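J.: Handing you a structure now.
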Amino acid sequence: MKLWKSPFFDNALNQFLSTAEVMNLDPNIVERLRQPARALVVSVPVRMDDGGVRSYCGFRVQHSDTLGPCKGGIRYHPDVTLGDAAALAMLMTWKCALMGLPLGGAKGGLQVDPTMLSRAELQRATRRFTIELINMIGPDRDIPAPDLGVNEQVMAWIMDTYSKQVGATRPGVVTGKPITVGGSLYRHEATGRGVVFAVQKAAAVTGMSLGEGTTFALQGFGNVGAIAAKAMAELGCRCIAVTTSRGGVLDRNGFKLESLYACYKEHGCLTPEVTGGDSITNKDLLALDCDVLILAAQANQITGENASQVQCRILAEGANGPVTREADPVLVDKGIFVIPDILANAGGVTVSYFEWVQDLQHFFWDMDEIELRLKKMLSRTFDETLALARKYAVSLRTAALMKGIGRVAQAMLLRGLYP
Ligand code: NAD
157 MKLWKSPFFD
167 NALNQFLSTA
177 EVMNLDPNIV
187 ERLRQPARAL
197 VVSVPVRMDD
207 GGVRSYCGFR
217 VQHSDTLGPC
227 KGGIRYHPDV
237 TLGDAAALAM
247 LMTWKCALMG
257 LPLGGAKGGL
267 QVDPTMLSRA
277 ELQRATRRFT
287 IELINMIGPD
297 RDIPAPDLGV
307 NEQVMAWIMD
317 TYSKQVGATR
327 PGVVTGKPIT
337 VGGSLYRHEA
347 TGRGVVFAVQ
357 KAAAVTGMSL
367 GEGTTFALQG
377 FGNVGAIAAK
387 AMAELGCRCI
397 AVTTSRGGVL
407 DRNGFKLESL
417 YACYKEHGCL
427 TPEVTGGDSI
437 TNKDLLALDC
447 DVLILAAQAN
457 QITGENASQV
467 QCRILAEGAN
477 GPVTREADPV
487 LVDKGIFVIP
497 DILANAGGVT
507 VSYFEWVQDL
517 QHFFWDMDEI
527 ELRLKKMLSR
537 TFDETLALAR
547 KYAVSLRTAA
557 LMKGIGRVAQ
567 AMLLRGLYP
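The working numbering applies: residue 157 is where the sequence shown begins, and numbers increase by one.
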């Protein structure tokens, strides 16, 4: 078990074990699900532009393939660890099962800072990493997707490398690709818009009206955060603060999102000199008095130490694991409606699933069809999870986990243990 050791994995494991206890889950199932099914650790040597060679450590972790081929992102970050990938793979298993997708959970990482590589170096690193994982991935085995530090160009290179190896174009090997090479419409928007759709459902439950008087704050302004901000603004809500890894900005009167997008695009950060308003730190953003707080950056942001300072009414976890286990009960006690990650950000994997299905059928859907199908699935899952939470008097997070874990456990019992 030490192999997976990381604060993030400990959090994911403890979350699983405490939910298993509430569910009175078969101990043999607990024993099988408490750690990943398999992992591959590889060294990825890359010829740099100066002629030298540098090796990066990479891995792929598959937590469970009980419900279908594994699914999960690949993260390029110098600090990503095997334990982080194991934690995220476990979360993916529960998320896919919660959404009723015929997929298991996986996650991968390459310990590299992609911003320090040239385009050619990034391409060589990606192609070599793909070859190292070639026996593990595939449209019917394990389908990677982009995660932090990885964009759709990287996914296109993985698809191309895999396809060259098997001798035929196989777009279904990864999701999050550019549209021209088998990507899906709406994939780019899916996670952020799904987060806001969940906020709308939560607002309906709590009796909050989302409109002009509603304020929201956002941690993270990347793919998930920027799209979520747009969707919130479309509902008429007022964006009063946004932070990124390099600080952020605050204006109680509300920002015009265009100025934030322009500033972030040009400078890679948000500064009051350009956007107006005042500076705000991440720490202060989490404690801001606002109606909706959307976390769309990193794990472990709200902990036992700062949970008591959180003042929002609805907290949506766009990121994976942004609230620690110690913080959870504090937020519940404060009456904050927390939409857990595996529910709030499930729009992403759901449209990834749509992309995979479209690739396998070589038949592509239009935007309306995708949005309609996504909303239907998110709405049904939200309602069922809420009903479960009320039935067992547990938090929405516990209910979501119970539902996801329950489905995997049921399938395991039906399939049995081989040999
Ligand atoms: P991204 O790289 O596009 O954006 C991340 C943003 O977070 C950037 O604005 C960055 O500056 C900011 N950030 C990083 N560290 C921060 C910190 N300590 N404090 C404040 N801001 C910080 O990534 P993304 O695709 O938007 O993903 C964000 C989160 O959502 C991740 O946890 C990811 O795993 C999760 N997620 C993403 C998707 C998806 O479809 N992209 C799906 C499900 C979950």
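Glycine included, C-beta positions come from ideal geometry on N, C-alpha and C.
The structure presented is a predicted model; accordingly, all values stated were derived computationally and were not measured.
Measuring alpha carbon to alpha carbon, tell me which of Met558, Leu569, Leu573 ends up nearest Met255.
T.: When C-alpha distances from Met255 are compared across Met558, Leu569, Leu573, the shortest belongs to Met558.
J.: Hey, Thr175 and Ile561 are a contact pair by Cβ (cut 8 Å); roughly how many whole angstroms apart?
T.: 6 Å
J.: Name the DSSP beta bridge partners of Tyr232, please?
T.: Leu266
J.: Taking the alpha-carbon of Val310 as reference, which of Ala276, Tyr342, Arg297, Gly323 has the nearest alpha-carbon?
T.: Ala276
J.: Examine the Cβ distances between the stretch 418–433 and the stretch 350–358 and report whether three or more of them are shorter than 8 Å.
T.: By the criterion of at least three beta-carbon pairs nearer than 8 Å, the stretch 418–433 is not in contact with the stretch 350–358.
J.: On a Cα-Cα basis, can you pick out the residue from Ile299, Ile314, Asn501 that is closest to Pro512?
T.: Note that residue 512 is Trp in the sequence shown here, rather than Pro. The residue with the shortest Cα to Cα distance from Trp512 is Ile299.
J.: Which residues in the same chain have their Cβ closer than 6 Å to the Cβ of Gly207, if we skip the five residues on either side of it in sequence?
T.: none
J.: How many whole angstroms separate the CB atoms of Ala545 and Leu552, which I take to be in contact at a CB cut-off of 8 Å?
T.: 5 Å
J.: Hey, how far is the Cα of Thr237 from the Cα of Glu308?
T.: Distance between the alpha carbons of Thr237 and Glu308: 22 Å.
J.: Could you pull out every residue in the same chain whose Cβ sits closer than 7 Å to the Cβ of Gln576, ignoring the five residues on either side in sequence?
T.: Because the chain in this structure spans residues 157 to 575, residue 576 falls outside the shown range and cannot be described.
J.: Hey, would you say the C-beta of Gln375 is under 7 Å away from at least one heavy atom of the ligand NAD?
T.: Flag set: Cβ of Gln375 near the ligand NAD.
J.: Would you check whether the ligand NAD has a heavy atom nearer than 7 Å to the C-beta of Ala397?
T.: no
J.: With a cut-off of 8 Å on the beta carbons, I'd call Met315 and Leu196 a contact; round off their distance for me.
T.: At roughly 19 Å, the Cβ-Cβ gap does not stay under 8 Å, so Met315 and Leu196 are not in contact.
J.: Could you please give the first and the last residue of the uninterrupted alpha helix (DSSP H) stretch that includes Gln321?
T.: 308–322
J.: Mapping the DSSP letters down to three states, classify Thr371 as helix, strand or coil.
T.: strand
J.: Counting only the same chain and skipping the five closest in sequence on each side, list residues whose C-beta sits under 6 Å from that of Gly381.
T.: Leu374, Ala452
J.: What do you reckon, are the CB atoms on Asp182 and Gly328 nearer than 8 Å?
T.: no
J.: Name the two residues that bound the continuous alpha helix (DSSP H) containing Ser162.
T.: Neither: Ser162 is in no alpha helix (DSSP H) and is coded neither H nor E.
J.: Taking a contact to mean a Cβ-Cβ separation below 8 Å, would you say Leu247 touches Asp497 in this structure?
T.: yes
J.: Would you tell me roughly how many angstroms separate the C-alpha atoms of Asp440 and Arg408, rounded to the nearest one?
T.: The alpha-carbon of Asp440 is positioned some 14 Å away from that of Arg408.
J.: Hey, Ala245 and Gly265 are a contact pair by Cβ (cut 8 Å); roughly how many whole angstroms apart?
T.: With a Cβ gap of about 10 Å, Ala245 and Gly265 do not count as contacting.
J.: Starting from the Cα of Ile470, find the closest Cα among Gly572, Gly363, Arg571 and give me that residue.
T.: Gly363
J.: Return the CA-CA distance between Pro428 and Val405, expressed in angstroms with no decimal places.
T.: 6 Å
J.: Are Val217 and Ala242 touching if we call contact CB-CB under 8 Å?
T.: yes
J.: Could you give the DSSP three-state label for Tyr574: helix, strand or coil?
T.: If DSSP states are grouped into helix, strand and coil, Tyr574 belongs with coil.
J.: Out of Ala472, Met568, Gly403, which one is the CA nearest neighbour of Val352?
T.: Ala472
J.: For Gln218, which three-state DSSP category applies?
T.: strand
J.: Taking the continuous alpha helix (DSSP H) assigned at Cys419, which residues delimit it?
T.: Taken as a continuous stretch (DSSP letters only), the alpha helix (DSSP H) holding Cys419 covers 413–423.
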